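Be aware that the sequence shown starts at 440, since it is given in our numbering, and climbs by one per residue.
Beta carbons: idealized from backbone N, C-alpha and C, even for Gly.
Quick caveat, the model's predicted, so the values are computed rather than measured.
Note sheet for the following structure.
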Amino acid sequence: MLHKIRLENILFLDIETVPQAAAFDELSDEARALWALKTQFQRKDEYSPEEFYERAGIFAEFGKIICISVGFFANRKGKREFRIRTFSGSEEGLLRDFIELLESHFSHPSNLLCAHNGKEFDFPYLARRMIINGITVPSKLALFGKKPWEVPHLDTMELWKFGDYKHFTSLRLLAHILGVPSPKQDLDGSKIRSVYYEEKDLDRIIKYCELDVLTTAQVLLRFRNEELLTEEQIVYI
């Protein structure tokens, strides 16, 4: 079935998120109390709510999206291209720009979204932050009540599971074992908060996000046993 999907119908994406505030003590008293309740089972007795706050970016209720990178295949004069674009700026603004792209170019029933661990993270996170920002959730992300396996999109981590519900494989590991080349990176998800709030280097985060989109597309090509993209075929717009 994977081979029957036209690559041009897929929008690959990745999001980067951070805590809503730079530090725990910047939250209101109520927000701090709610954060403690929200994370009590994950923290147990190992971390205080303040110590655990550096992970707030993974929770849509306490985090925010700072960039969305997308990529899609295109045929230009008979040659294959993979075009990459990033939305950044205010969260409301980047969400509206992303929706505009979805509705203008990827709204057909045959269009699919694709992300690594997208069904458990990227897709629901996007929808939740849209609601919080007072934005109507587009049809492609209106997945209310659906179980992860009922979501009609692609998830490279799920594809690699082959029915094994407990199997987690990082995108970095998949790229390594499948021979997908990627430049050395000095950044990973655990450093996004400090790079954003302390170093204030959004461009560095965007490059990291765009690399994940490209790697996800390359992994899908390997799943289809097709040739990987070359540097000449990758276009940043």
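Check	Outcome
Closest Cα partner of G573 within the set E559, E490, G532	G532
CB of F521 within 7 Å of CB of A656, strictly	yes
Reference F526, options I504, F545, R663, L612, closest by Cα	I504
As assigned by DSSP and simplified to three states, the class of Y453	The question names Tyr, yet the displayed sequence has Asp at residue 453. In this structure, D453 counts as strand in the three-state DSSP scheme.
DSSP three-state assignment for V509, whether helix, strand or coil	strand
Beta-ladder partner(s) of K518, from DSSP	R515
Beta strand (DSSP E) runs contained entirely in the region 517-591, provided each spans 3 or more residues	518-527, 551-554
V674: first and last residue of the uninterrupted beta strand (DSSP E) it sits in	673-675
Backbone CA spacing between R445 and Q479 [nearest angstrom]	44 Å
Element boundaries [alpha helix (DSSP H), containing E655]	Reading off the sequence, residue 655 comes out as Thr, not Glu. From DSSP, the alpha helix (DSSP H) with T655 extends over 641-662.
Cut-off 8 Å between Cβ atoms - residues of its own chain near P563, not counting five sequence neighbours on either side	A499, L582
D511 vs L598 beta-carbon contact at 7 Å	Reading the sequence as shown, one finds Phe at residue 511 and not Asp. No.
Given V590 as reference, the closest of G628, R568, D603, N550 once Cα atoms are compared	N550
Nearest neighbour of E671, chosen from R515, A495, F463, L466 [CA to CA]	R515
Nonlocal neighbours in the same chain, by C-beta distance under 7 Å from T654, ignoring five residues either side	L610, A614, V619, S621
Identity of the residues DSSP links to I504 by a beta bridge	T456
Residue burial classification, M569 (beta-carbon count within 10 angstroms, cutoff 16)	buried
Buried or exposed by the 16-neighbour rule on C-beta atoms within 10 Å, applied to G584	exposed
Local Cβ density within 10 Å of K558, reported as buried at 16 or more and exposed below that	buried
C-beta contact flag for R632 and V509 at 7 Å	no
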